[in-house]
Every structure is written in C-alpha cells, then in structure tokens.
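To keep things clear, I will list the structure first and then write my remarks on it.
Numbering (UniProt numbering), first residue to last: 1 to 448.
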C-alpha cells in the first residue's frame, strides 16, 4: 500500500511522521556566506601569534568564510515523556589561518585538524567537517555534545566568535546531565562535562620574558591526562518576563611538566567558576525585544571566564606598539601552583524596529589577574613585572530579513586591549591597542 507523509503537529512547525513509525522528525539547516574586515572568520578578533600583528606584511585585512549546516531532530512519545535525538553536521571553509597557503586542492592534516595546499603566498585555506551538536534527551537526562549547562548568555545578538563569556558558541561540549523541573518555570541541573573542552593552558618557569606579536618566551607546561570531568550545576527560572540563572563549575587541573623542568609535577588541583545571568523581555519597546547579561568569575578555570581565550598568547601589535596578553589556567613552579584569576561580563540589547528589521547593541569586558608569585615565575625570577591584562568590546549589528528565512546583516565592533606588561621586544614599545572590525553576512535558514 502507498504510505503518505503525515504532518506531525506535536512539536511545532516542520515535523512529519517517519513512515511506518510514531517518530516525528524535522530536517533543517542553513547556508551562510560572510566577509570579515580586520577580523577572523565568524567575526573573531585578530589576536594571537598568527593574527595579532596588524602591521605585518602578511596580515590579512579581510577573511572570507562560508558555512553550511544540516540538522535532524527526531522525537517520539514514551511513558517517561519525550524521547529526543538531535544531530547537527556542519562544514566550514575560509582563509582565516594566515599566510603561506591557499588553493582548492586540500591536503588533510592529522596534526592541524584542517586541510591546506602548500603555496608560496596568500592565505591558508581552512576546510573542515565537524559536528557541533549530537545528543539524546530522555526523562530529564541529556547525553552527548551540546551547549554547556554553565552557559546563559549565548550572544545571539552578535555574529562574533566571542573572547569573553562562557558560551562555547558553535562548538559544543560533551555532557551527561540531568535537569529537574521544579514547577512554575524553575529548574535545577547537574552535569558532568568534558574537562578537555575547558582547558586554556598551564605554564611553568620560563626564560627571560620579552613581548612581541608572535608571543613571549614562556615555557608551556602541558596539561596532564584527564582525570575527573568538570562538574557543573545551575538553578534557572524561565517565565513570561524573561529568565535568570545562577551557575557554578569545578575544573580539575593535572600537570604533565616539560623536559626542562627541574622539580616534580604537583598533584591534581581544582579550579572553579561561578556566575549569574538575567534576560528581560521588553515587549513595550518592540515585539521580540530583550536585554541579556552574564557575569562570570573564575580561578584556575579561565575558559568559563572567556571561552575564546587562546592558550598562551593573545597579543596584539600595531606599528611598534605591542600589547602582551597571556592566558593560562595556572602557573607551576618548585614552590607550588598559582591559579590565574579572572572575571568577565557580557551583555546585549536587541530591538525590532519593524518586521524584517532589527538592531542590537552589545558590549563585553574581562580581566585576568596573576599573583605576585606567578608573575615572578613568568619573569624568570625578575620581580616587578605583571602579566595582568584586560579587553573591552562594544559593537552593533543590524539585520534585514527581506523575505522569510533570509538574513542579511552588517556588524561593526570597536575593541581595546591593555596590559601591565612592560618588557617589549627590541624595536617595540609596550602599550594599549584598539581597533575597528566589521563584517557582512548573508544567511539562508531552513527549519531550525
């Protein structure tokens, strides 16, 4: 007999019954094209060893990126509630890797995780296929790769790849979690999450430190093998007025040392992070308007403070002015472990002018602090230097939706970075740097 596809109205638009089953499925996705000016792919700030020297002859003033994603959302009813399976597969291609490579003939690399072709100049072609999300939900449990249960402000008001804030963005993290619904929109969650996904880096006694856009001469003491997972919990409320959340996380640090290390590795230590966030709906300003903010503090767990922090160097150089910004979870010496402290705040307001037009205004600020002992270790015993640094950002995005499921957006951001470090490399001076970035993006959405 002929079997017709039946619409499934249990879970919203886009679902249909899989023939011969009681399972409803929705297939969705998107296609995206963008160009970033003075920024990396997905509007990432140009900071670090490979992209931080804005005055270099090999500096890319623009980055082109295309991305496509396909999602499948399957749900069915059981005696214990809805059984859900969700999968998201994406592919990205861009020129964000810097100088030295370009071209269409990709060569897979097991060490870099991306593909490239050797070329004498141009930009490095970056191509990868990956899965940002793949999880199962059943009877309050969530298992698989999805957003962290610590995250609150997911920065939907911006296209940027964030520096500050705990959100993993489009990457996701592996979790095993349970959420209890307590009534009236109140819920509590406990989650064990992949420790490797929250590692920024560990450093040890280094050589005499000097700063340049390529980084500093500080020894990198790699993390040891993963022992315990991160333990994350939150208490959340969702109601008509908006939502709010308080959250905390415990993060284990293990130490592998370096070949030059003259002291034994310390035992495992525990860092932590906590935070709070609030979102308020503003229907009096416009349909769909809202404002959201999140604050995070961490010690020895810097990825919760800033999930976009690069291990080690986050430097910026313009002309001869260099700002040295190092990010580590901890500093190790013969006298013990000094955990880095940091905090950040992110937030944004989005306003819908008329149907099809909306504008956001957002900002972020964060700061990393190293103890006196850590600064002495990082400076090879030379007192008086400080690795403390901060970064602020303000930006705005305007999106036009001329027809359903087509978004055309323009975004600008101004950011500045400051550091207390005052030992620049020869030919440079230490100081603060600030710069403008912009992007244009076109995105065709299917069912989400």
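Ideal placement from N, C-alpha and C gives every residue a C-beta, glycine not left out.
Taking 8 Å as the CB-CB limit, is residue 417 close to chain B?
Absent from the structure is chain B; it holds one protein chain and no more.
Would you mind working out which of 191, 56, 251 sits nearest residue 272, comparing C-alpha positions?
Among 191, 56, 251, the Cα nearest to that of residue 272 is on 251.
For residue 236, list the residues DSSP reports as bridge partners.
Partner(s): 187, 245.
Give, in chain order, every unbroken run of the beta strand (DSSP E) that is at least 3 residues long and sits entirely within the segment 351-402.
If we require 3 residues or more, the beta strand (DSSP E) runs fully inside the segment 351-402 come out as 357-369, 389-400.
Over what stretch of residues does the beta strand (DSSP E) that includes residue 304 continue unbroken?
No beta strand (DSSP E) holds residue 304; the alpha helix (DSSP H) holding it covers 302-305.
Are the CB atoms of residue 133 and residue 80 within a distance shorter than 8 Å?
Not a contact, by the Cβ cut-off of 8 Å.
Can the beta-carbon of residue 392 be found less than 8 Å from the beta-carbon of residue 362?
Contact: no.
Check whether the segment 183-195 touches the segment 297-307, counting contact only when three or more Cβ pairs, one atom from each stretch, lie closer than 8 Å.
Verdict: no, contact absent.
Let's test the definition: count the other Cβ atoms within 10 Å of the Cβ of residue 326 and tell me whether it reaches 16, buried, or not, exposed.
Per the 10 Å Cβ criterion, buried.
Determine, using beta carbons only, whether residue 335 and residue 432 come nearer to each other than 8 Å.
Cβ distance not < 8 Å, so residue 335 and residue 432 don't count as in contact.
For the beta strand (DSSP E) that contains residue 408, what are its first and last residues?
Segment 406-419, the beta strand (DSSP E) holding residue 408.
Mapping DSSP to helix, strand and coil, what is residue 55?
DSSP places residue 55 in coil when its eight states are reduced to three.
For a quick check, are the C-beta atoms of residue 177 and residue 187 less than 8 Å apart?
No.
Please go through the same chain and pick out, in chain order, the residues whose beta-carbon is closer than 6 Å to the beta-carbon of residue 447, but skip the five residues on each side of it.
These residues qualify, in order along the chain: 14, 26, 28.
Out of 246, 406, 412, which has the shortest C-alpha to C-alpha gap to residue 238?
Closest by alpha carbon: 246.
In the DSSP output, what is residue 284 paired with across the bridge?
Paired residues: none, contrary to the question.
Please confirm whether residue 145 and residue 172 have their CB atoms less than 8 Å apart.
Yes.
Please confirm if the segment 340-352 is in contact with the segment 161-171, defined as three or more CB-CB distances below 8 Å between the two stretches.
With a cut-off of 8 Å, the segment 161-171 and the segment 340-352 count as touching, because enough Cβ pairs lie within range.
Looking at the secondary structure, which residues open and close the beta strand (DSSP E) in which residue 47 lies?
Segment: none, residue 47 is in no beta strand (DSSP E) and carries neither H nor E.
Please state the DSSP three-state secondary structure of residue 42.
In this structure, residue 42 counts as helix in the three-state DSSP scheme.
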